[in-house]
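2 protein chains.
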Amino acid sequence: MPPLSELSPDALADLRAGLRKEYDALKGQGLKLDMTRGKPASAQLDLSAEMLALPGNRDTTAEDGTDARNYGNLQGLAETRALFSTLMGAPADQIVVANNSSLALMHDTIVYALLKGVPGGRGPWSKEEPITFLCPVPGYDRHFALCEGYGIRMIPVPMTGEGPDMDAVEKAVSDPSVKGIWCVPKYANPSGETYSAETVRRLASMKTGAPDFRIFWDNAYAVHHLTAERPELANILEACAAAGNPNRAFVFASTSKVTLAGAGLALWASSPENLRWYLAQAGRRSIGPDKLNQLRHVRFLRDDAGIAAHMEKHRELIAPKFAAVEEAFAARLAGQGVAQWSAPKGGYFITLDVQDGTASRVVALAKDAGLALTPAGATHPYGKDPNDRTLRIAPTFPSLAEVRKAAEAVALCTLLAAVEARLG
Amino acid sequence: MPPLSELSPDALADLRAGLRKEYDALKGQGLKLDMTRGKPASAQLDLSAEMLALPGNRDTTAEDGTDARNYGNLQGLAETRALFSTLMGAPADQIVVANNSSLALMHDTIVYALLKGVPGGRGPWSKEEPITFLCPVPGYDRHFALCEGYGIRMIPVPMTGEGPDMDAVEKAVSDPSVKGIWCVPKYANPSGETYSAETVRRLASMKTGAPDFRIFWDNAYAVHHLTAERPELANILEACAAAGNPNRAFVFASTSKVTLAGAGLALWASSPENLRWYLAQAGRRSIGPDKLNQLRHVRFLRDDAGIAAHMEKHRELIAPKFAAVEEAFAARLAGQGVAQWSAPKGGYFITLDVQDGTASRVVALAKDAGLALTPAGATHPYGKDPNDRTLRIAPTFPSLAEVRKAAEAVALCTLLAAVEARLG
């Protein structure tokens with residue numbers, strides 16, 4: 001079929017009639033599918049079944065003699081920090097292993113900055129209002145909600161395929177009110193792209209108006225590959241140190257999509273000075289994390305090879321789901337000039353850019369057909385996508401058959417919305 | 425022996441010489457004892473050994489069908505909330521079950537109040553600086569550190585044996601800058617006293633200058649009995665509701681000293697309106713708690729009877745330690761007019777009031793003899809006990825033999841410091 005732009009009004013009207021018929025048939029199927037969130041499927045969680053009986057009755061002593069059952073050890077067990085040293089790109093002594101949510105660590109880091117300030121700053125960020133974060137778009141709605149919740153202004157910056165548009169970033173950070181930037185540097189949520197070495201270098205070395213500017217480096221998908229290709233991500237902590245900005249980056253990750261989504265470990269890493277600062281703040285909040293869950297992870301994952309082997313099993317389960325989406329989109333949307341979509345090499349999402357001005361309509365059509373999609377705009381600050389264009393597709397949680405069905409439905413809704421828009 | 429006050433200077437000097445000899449002998453023993461923190465002993469943690477292999481490989485589905493391994497359920501599993509309903513004095517739907525630290529819940533509740541404000545208030549508390557909390561003394565150093573860390577002024581209020589001096593509290597809260605009060609209402613840390621029904625009624629019904637005044641009700645020792653007596657604590661949430669102040673109290677507790685100190689569950693309860701507020705804030709911070717640990721607790725503790733039976737086992741282990749301290753103090757200090765100490769019916773601490781002006785000296789003497797005590801002043805805001813009088817003794821962690829030895833050492837140091845002070 002030719003691109004929609006080459007169709008006559010009559011041909012478009014005929015196409016719309018045909019698509020509506022298809023759509024009505026879709027509605028008649030009474031689907032109940034959810035493609036909203038990047039949740040592991042039950043089969044993925046089964047990969048960690050062994051953990052559910054760990055550490056076992058007699059295994060509660062850490063390498064340094066710590067009784068993992070009792071209070072204490074705010075930074076986390078040494079062997080757990082060592083286990084995640086490669087993944088975090090930091091020495092074990094610059095890592096904090098906490099409870100089950102890296103979002104919580106990002107939240108707390110922001111709260112401590114707001115109420116106490118960070119090293120190199122002039123005091124609490126909350127006294128310098130308004131402050132601003134740069135938000136590469138499309139991005140992660142929970143990052144944006146944190147900023148919005150605490151009155152931190154957000155400036156969107158476009159992603160380029162190798163990370164944020166660094167010319168725009170470098171220009172924006174000259175403003176001293178700009179205190180931070182959100183980055184998902186590998187297999188980005190939702191575009192799937194990995195920041196280039198040059199992007200990392202420029203982020204680490206750029207001149208900032210704020211002396212206490214911080215990069216929130218949410219490396220959520222560090223080991224979450226979908227193909228045999230393994231794009232290299234430059235080490236942000238090393239790049240910052242080399243550029244003379246050792247305290248610039250806070251690194252976050254978690255095992256939520258490695259072991260158990262609700263019962264993983266959250267990870268934090270930064271410079272020695274930032275670490276001391278963080279622990280001083282976190283020490284008022286808690287006496288220490290759940291160290292039994294840390295032992296569980298050490299016993300189960302063991303080392304880098306153990307993590308890699310485990311992630312291969314995830315890949316076997318979810319790569320076919322991504323392929324099914326790709327197939328459905330290609331079959332229906334290729335060459336139509338109404339949509340573009342990403343082919344991620346890792347991570348949890350596919351970005352679908354539909355015809356400008358139709359993303360909300362696609363979501364509404366899908367909803368009426370029993371398919372929940374992330375709201376249009378969720379990939380942008382304040383939930384506002386100025387082009388009403390970008391949708392985030394999360395194919396991991398439903399079964400492969402459901403994913404295929406859902407992707408076909410999304411493609412149909414995308415096409416129908418585009419035709420409707422052209423006909424006015 | 426007669427009270428010190430009846431001894432002649434010569435008799436005092438003789439006494440000092442004898443005590444110093446004893447003290448030098450004590451130092452010669454090379455003790456290494458720690459009575460600083462209310463930590464369960466290893467034998468207490470062994471009581472929950474069964475939990476270490478729970479929930480087991482096939483037991484991950486909650487009563488409502490939730491997969492406890494996956495993301496979600498910010499408020500906690502319904503069956504876990506039900507399990508702690510009696511302990512919290514709140515219906516399950518007004519309870520939040522979180523991760524392993526109730527201190528973290530107190531911290532977060534304060535942070536949300538500072539940055540967002542609470543229901544009934546005029547906005548973020550941080551915009552109304554300075555704000556003030558009332559701090560019944562002696563009290564818990566980590567409560568005070570939270571206030572100090574975030575610049576919240578603290579006003580000490582004396583404890584009376586049935587809770588804080590309510591005349592002083594009622595007078596102080598007329599000041600609209602007073603936003604909160606810290607309460608450990610049962611087996612208080614460290615005095616051991618339980619608030620009377622009248623104290624609870626007055627706290628719930630008193631007129632406050634601030635429309636958004638809050639009681640931080642840290643019911644840390646709700647089921648932690650040391651005797652067969654079970655002093656009744658009135659229900660603060662019901663008292664506040666009855667008095668027309670339904671949103672006044674935030675209730676906190678944990679299972680840190682029920683199951684596993686580092687891997688327990690933290691509990692939060694309040695009015696429906698406060699609950700909605702709390703979840704709205706906490707929902708930006710995290711997608712949900714570790715629900716597998718919640719299942720572990722439900723499987724292990726089962727119900728109120730299960731909790732009570734389990735706490736009896738703790739009592740059997742720790743009551744003898746409290747008795748050993750009592751015996752050692754009585755043997756050495758009774759009738760000397762140099763010290764008073766509490767005889768708690770529950771909780772984790774004994775308060776030892778030494779001769780005014782000598783608490784720091786007692787701690788220093790103990791330290792030189794190899795016995796770590798909580799710093800003098802720790803029971804007061806800013807670490808300052810104006811009378812240099814109150815010491816907190818934590819007898820649970822060391823072995824019974826060590827506790828006896830440590831209590832004898834404390835008694836000796838207390839007596840020696842008192843004699844020294846009298847001789848100038």
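As given, the protein sequences belong to chains A and B, one line each in that order. The opening position of the first sequence corresponds to residue 1 in the numbering used here, with each subsequent residue numbered one higher. The opening position of the second sequence corresponds to residue 425 in the numbering used here, with each subsequent residue numbered one higher. C-beta: ideal position from N, C-alpha, C; glycine also.
Chain-ordered chain A contacts of residue i [CB-CB under 9 Å]
i      : result
B/K463 : N70, Y71, G72
B/I742 : The premise fails here: B/I742 is roughly 15 Å from chain A at the closest Cβ pair, so nothing lies under 9 Å.
B/R638 : Chain A residues near B/R638: none, gap ~18 Å exceeds 9 Å.
B/L854 : Within the shown structure, residues of chain B are numbered from 425 to 848, placing residue 854 of chain B beyond reach of any answer.
Listed by chain order, chain B residues near residue i by CB distance under 7 Å
i      : result
A/I131 : Near A/I131 there are no residues of chain B at all, since even the closest Cβ is about 13 Å away, more than 7 Å.
A/S42  : D491
Under 7 Å from the C-beta of residue i: neighbouring residues of chain A
i      : result
B/N643 : None at all; the shortest Cβ gap to chain A is about 18 Å.
B/P479 : L52
B/A473 : N57
B/S525 : S286, I287
DSSP state of residue i mapped onto helix, strand, coil
i      : result
B/S526 : helix
B/D491 : strand
A/S254 : strand
B/V593 : helix
B/Q779 : coil
A/F216 : strand
B/L824 : helix
B/G604 : strand
B/L650 : coil
B/M735 : helix
B/R577 : strand
B/D812 : coil
B/M459 : coil
B/F508 : coil
A/P395 : coil
B/P744 : helix
A/L114 : helix
A/L134 : strand
A/M427 : Within the shown structure, residues of chain A are numbered from 1 to 424, placing residue 427 of chain A beyond reach of any answer.
B/P582 : strand
A/A411 : helix
A/T61  : strand
Neighbouring residues, chain A, relative to residue i (Cβ below 8 Å)
i      : result
B/S823 : Those do not exist, as B/S823 stays about 14 Å from chain A at its closest Cβ, beyond 8 Å.
B/G545 : By Cβ distance, chain A contributes nothing, its closest Cβ being about 16 Å from B/G545, past 8 Å.
B/S550 : L115, S126
B/L716 : L52, L260, G262, A263
Listed by chain order, chain B residues near residue i by CB distance under 8 Å
i      : result
A/L77  : Within chain B, no residue comes near A/L77; the closest Cβ sits about 11 Å away, beyond 8 Å.
A/L301 : Result: empty, since nearest Cβ-Cβ is about 16 Å, beyond 8 Å.
Exercise for review: Please name the residues in the segment 527-542 of chain B whose beta-carbon is closer than 8 Å to at least one beta-carbon of chain A, in chain order.
Suggested key: L527, A528, H531, D532, V535, L538, L539, K540
Against chain B, which members of the segment 136-166 of chain A pass a CB distance test of less than 9 Å?
R142, A145, L146, E148, G149, Y150, G151
At a cut of 8 Å, does the segment 86-103 of chain A reach the segment 258-277 of chain A through at least three beta carbon pairs?
yes
Within 8 Å, do at least three Cβ pairs link the segment 474-486 of chain B to the segment 823-841 of chain B? no
In chain order, what residues of the segment 247-264 of chain A put their CB closer than 8 Å to some CB of chain B? S256, L260, A261, G262, A263
Pairs of beta-carbons, one from the segment 435-445 of chain B and one from the segment 819-835 of chain B, closer than 8 Å: are there three or more?
no
Contact residues within the segment 372-393 of chain A, judged by C-beta distance below 7 Å to chain B | none
At what residue ranges does the segment 233-281 of chain A contain a whole run of the alpha helix (DSSP H), taking only runs of 4 or more? 236-242
Contact between the segment 446-457 of chain B and the segment 778-794 of chain B (3+ Cβ pairs under 8 Å): yes
key: alpha helix (DSSP H) runs wholly inside the segment 325-370 of chain A, at least 4 long, in chain order   = 359-368
query = Okay, do the segment 772-779 of chain B and the segment 608-615 of chain B touch, 3+ Cβ pairs below 8 Å being the bar?
reply = yes
The segment 174-183 of chain A in contact with the segment 216-224 of chain A per 3-pair CB rule at 8 Å: yes
* **Inter-stretch contact (C-beta, 8 Å, three-pair minimum) for the segment 238-256 of chain A and the segment 59-66 of chain A** => no
Exercise. Kindly confirm or deny that the segment 169-178 of chain A and the segment 192-212 of chain A touch, where touching means at least three C-beta pairs closer than 8 Å.
Key: yes
Any 3 or more C-beta pairs closer than 8 Å across the segment 750-761 of chain B and the segment 537-546 of chain B = no
Worksheet item: Do the segment 138-152 of chain A and the segment 373-381 of chain A meet, that is, are 3 or more Cβ pairs less than 8 Å apart?
Response: yes
**Request:** May I ask you to verify whether the segment 222-235 of chain A touches the segment 307-320 of chain A, counting CB pairs closer than 8 Å and requiring at least 3?
**Result:** yes
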